[in-house]
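What follows is a set of notes on a single structure, which appears directly below.
In structure tokens:
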């Protein structure tokens, strides 16, 4: 969702972070010190398969069930340079999976050993921007066992954003908001004399993109896939983050259907097929048929409006619906200044759409800048009693943005990558709906979100999803609403100004009411640096900005692994610290394995209870209790209740020692950060 500047009152929360062994301070944050560049001729011992750069055993039963195997480049054979680990925002390693990648120069390679049979690969990579912005293209050669060379054409045209929200494609741009407070000078530049010098490009980010390639035949486990930067590449360097390998099945065929080819669609992608899609949909509705999109690439440069229709592709590796972003002659009533490829339900104000079923194709957009009023999403509108399954969506603004009210939508088994903003957002009055088994990587804002603006979302569930490397904001966020659940998800590597899991009373959302459940989720390398406040956040972050959070909030069975700062954070903004509280949150059966600072950080008035919350490798005092920063003689305005079984911490000290209860002030505004060891089996 939209990310706006936080209030300048946050400056009162303090200034700089301290340093600790093995860490360094960059841009006001403390991060794990990167290794020195390590160019090596390093053979791989064998295929190392990971999930979110972890041993899969650590996340068993959590996250999306996917058809590919993930392999990190730093575990592969290479004569390139390993970069990272580094969690400092605006650096290449910070946005890499696991915060580590391999940097290649021309004629260098990285080679992966296939862990199982595969006939297709996905490469996540970064190459430089053009000097004036807008991106470049560059080749990457692919061979298997030294044979069958194919060349991928990499691009940075959809990467490299700069500056303040909503960002710029111009690396030489001046500050977009000189009247905003910025951490870099700890000032408001427009109100500062002499004016501060702001280094350009300012805050580069969103470095990575990914591409898929069919290998042309099936290779066996043990075969070697080598990625080589050819001599003379336009890219001075190519960073390879990871490779996903997959055995893609034969195209799905539906013989009795409204086949879009019969209505004039062009599978070569040379001619626009939007009108042909419309004709096929109209015929299918009259004859009660499914619309079938055979293998091919279809050019579609506007929204396809869908209602009471089923549209199937041959599989998202085989059927691609791809479009250009088109500038409109005049803005539409909703404020859009562009259009582009997307499948949209009717507006909720017009009754919305019903009984829409989309499956088995890819949607590839052409969105290179963030315009918040634009409806240039892969799937949009209102779709009740509908299913979206097995899509692959990239290069749109938001993969799936639903504007309710609407009810009973099932979103499952999709892959959403390389977005300018969110992967999915339930916006306004979405009810009784489920998002499950979706894989999300490289979003420019929240990975998955429920935003109860004006009308509450209710009785929705986000379950068994994987969210990796959101560049900005949170992995999974809930903004207000009633009786919603976030369960069995895997969230890794949020980069800045957000957390893995977030509940926020903010952005004008309706209040939290009823129950809110975070159950059996795993986070890793989460808890980012909040740029506006100049502090570190928690792996899970509860934030009372607009209203109290006093619903029945329970966090049960979560695992917080290798948290950069705190595992758990409850906070309000300094400007409203005496207005809003977070009351009665219950944590039970939670495990915390490694924190840079505390197990719990409270920067708000209110209360929480803890039962069977086990912690180890905690970097600072177990509870950093600042309350609402009034420091009364009676103790902190935030109260903790020990319901038993809360074990571990730092050394022999329990993280929830009796002397901390119920509300001892232990406020260290910016405690030193200690890099925790890698997580391991409990």
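Numbering (the working numbering), first residue to last: 1296 to 1977.
Glycine included, every Cβ here is placed at the ideal spot set by N, Cα and C.
Quick caveat, the model's predicted, so the values are computed rather than measured.
- Between the C-alpha atoms of residue 1720 and residue 1647 there is a straight-line separation of about 17 Å.
- Just so you know, the alpha carbons of residue 1464 and residue 1664 end up roughly 7 Å apart.
- For residue 1568, the closest C-alpha among the options 1399, 1560 and 1575 is that of 1560.
- In the DSSP annotation of this structure, the continuous segment of the beta strand (DSSP E) that includes residue 1787 starts and ends at 1785 to 1787.
- DSSP places residue 1575 in the uninterrupted alpha helix (DSSP H) bounded by 1569 to 1582.
- The continuous stretches of beta strand (DSSP E) do not include residue 1385, and DSSP gives it neither H nor E.
- Judged by beta-carbon spacing, residue 1823 lies within the 8 Å limit of residue 1832, meaning their Cβ atoms are closer than that value.
- For residue 1396, the enclosing beta strand (DSSP E) covers residues 1396 to 1399.
- Here the alpha carbons of residue 1907 and residue 1923 stand approximately 27 Å from one another.
- The alpha-carbon separation between residue 1565 and residue 1614 amounts to approximately 15 Å.
- Annotation for residue 1654: the continuous beta strand (DSSP E) segment containing it runs 1651 to 1654.
- For residue 1743, the secondary structure class from DSSP, reduced to helix, strand or coil, is strand.
- As the crow flies, the alpha-carbon of residue 1453 is around 10 Å from that of residue 1689.
- Here the alpha carbons of residue 1642 and residue 1670 stand approximately 12 Å from one another.
- Taking 3 residues as the minimum length, the beta strand (DSSP E) runs contained wholly in the segment 1476 to 1537 are 1504 to 1514 and 1519 to 1523, in order along the chain.
- With a contact defined as Cβ atoms closer than 8 Å, residue 1366 and residue 1397 miss out at about 12 Å.
- Comparing C-alpha distances from residue 1395 to each of 1496, 1536, 1502 and 1480 shows the shortest one belongs to 1536.
- Using a C-beta cut-off of 8 Å, the segment 1725 to 1734 makes contact with the segment 1356 to 1374, since at least three inter-stretch Cβ pairs fall below that distance.
- For residue 1637, the secondary structure class from DSSP, reduced to helix, strand or coil, is strand.
- In this structure, residue 1951 sits near residue 1941, with a CB-CB distance shorter than 8 Å.
- Between the segment 1546 to 1556 and the segment 1413 to 1427, the count of C-beta pairs closer than 8 Å stays below three; the two stretches do not touch.
- CA-CA distance, residue 1501 to residue 1706, rounds to 26 Å.
- With 16 or more other Cβ atoms from the protein chains shown falling within 10 Å of its own Cβ, residue 1388 counts as buried.
- Under DSSP, residue 1696 shares a beta bridge with 1675 and 1720.
- Excluding the 5 residues flanking it on each side, residue 1863 has same chain C-beta neighbours closer than 6 Å at 1833, 1835 and 1895, in chain order.
- Nearest neighbour of residue 1658 by Cα position, chosen from 1436, 1644, 1538 and 1714, turns out to be 1714.
- Excluding residues up to 5 positions away in sequence, 1902, 1903, 1904, 1905, 1956 and 1957 lie with their Cβ nearer than 8 Å to the Cβ of residue 1936 in the same chain.
- By the CB criterion at 8 Å, residue 1787 and residue 1820 fall inside the cutoff.
- Within the DSSP secondary-structure output, residue 1592 pairs in a beta bridge with 1615.
- As computed with DSSP, residue 1920 is found in a beta bridge with 1897.
- In this structure, residue 1505 lies away from residue 1790, with their beta-carbon atoms at least 8 Å apart.
- Leaving aside the five residues that flank residue 1777 on each side, the residues in its chain whose CB is nearer than 6 Å to its CB run, in chain order, 1751, 1753, 1808 and 1809.
- Taken atom to atom, the span from the alpha-carbon of residue 1695 to that of residue 1769 is near 16 Å.
- Residue pairing by DSSP places residue 1365 opposite 1345 and 1539 in a beta bridge.
- Annotation for residue 1811: the continuous beta strand (DSSP E) segment containing it runs 1807 to 1814.
- Excluding five sequence positions before and after residue 1417, the CB atoms of its chain that fall closer than 6 Å to its own CB belong to 1505, 1507 and 1539, given in chain order.
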